[in-house]
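Below is one structure, written out as structure tokens, with a few remarks after it.
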Amino acid sequence: MKNLIFTLLAMFFTIVSYAQLKDPDGNLISRYPKFDKCKDVTEEEAALCFKTQLNKFINRHFIYPKKAKEKGLQGKAIVSFCINAQGKVEIINVSATDKIFEENARRLIEKLPQLIPAEENGIPTPIMFAYPINYTLGNNF
């Protein structure tokens, strides 16, 4: 059932930055950030591996907020975060249709593990992402 839930949720999970990555100053990034499981992939495969591992992580850790479920709430949260030059996730902003979703989305992204940072010319550099999360109730919840 959890896989079915993830499949439904995965349709709504996206990561902004499909083309060229840029650091907070707008400079192009030459190496995508990586999860440990992606450390041996080529740079061409790095973006897909990152997105796949991020979605797997979300699948394992996503729990629909109990209070939202009890109230029949549905909504959306957008988490803006940075993977800093040390590979740690820093939340920049969370906006949501309800405080319950804001808190849930923040906790979810804060659980991300230490990552291999993005690089520009061989130097670790911060990179920003925005991750929208839709909270949709259905017969499967």
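With mature numbering (1 follows the signal peptide of the UniProt record, and there is no 0) applied, the sequence shown corresponds to residues -19 to -1, 1 to 122, in that order.
Where a beta carbon is used, it is the ideal one built from N, C-alpha and C, also for glycine.
For this session: Drop a sphere of 10 angstroms on the beta-carbon of P107, count the other beta-carbons inside from all chains shown, and report buried for 16 or more, exposed for fewer.
Result: Within the sequence shown, numbered from 1, the residue matching residue 107 stands at position 126. Per the 10 Å Cβ criterion, buried.
For this session: Could you tell me whether the Cβ atoms of I90 and L54 are closer together than 8 Å?
Result: On the sequence shown, position 109 is the one that residue 90 refers to. On the sequence shown, position 73 is the one that residue 54 refers to. Contact flag unset, no.
Problem set entry | The alpha helix (DSSP H) enclosing F110, as first and last residue numbers | Taking the first residue of the sequence shown as position 1, residue 110 is located at position 129. No alpha helix (DSSP H) holds F110; the beta strand (DSSP E) holding it covers I108 to Y116.
Exercise. Sorted by chain position, which residues of the same chain lie with C-beta nearer than 6 Å to N85's C-beta, five sequence neighbours on each side aside?
Worked result: On the sequence shown, position 104 is the one that residue 85 refers to. Closer than 6 Å at Cβ, skipping near neighbours: P46.
For this session: Starting from C63, trace the beta strand (DSSP E) both ways and give me its first and last residue.
Result: Residue mapping note: residue 63 aligns to position 82 of the sequence shown, counting from 1. C63 -> beta strand (DSSP E) spans G56 to I64.
For this session: With a 10 Å radius around its C-beta and 16 neighbouring C-beta atoms as the bar for buried, classify P14 as buried or exposed.
Result: On the sequence shown, position 33 is the one that residue 14 refers to. That one is buried.
Exercise. Exposed or buried, which one is M114 when buried takes at least 16 other CB atoms within 10 Å?
Worked result: Locating residue 114 in the sequence shown gives position 133, where the first residue counts as 1. The question names Met, but residue 114 in the sequence shown is Ile. Under this definition I114 is a buried residue.
Problem set entry | Per-residue DSSP class, three states only, for P105 | As a first step, residue 105 must be located in the sequence shown, where it is residue number 124. Of the three classes helix, strand and coil, the one that applies to P105 here is strand, per DSSP.
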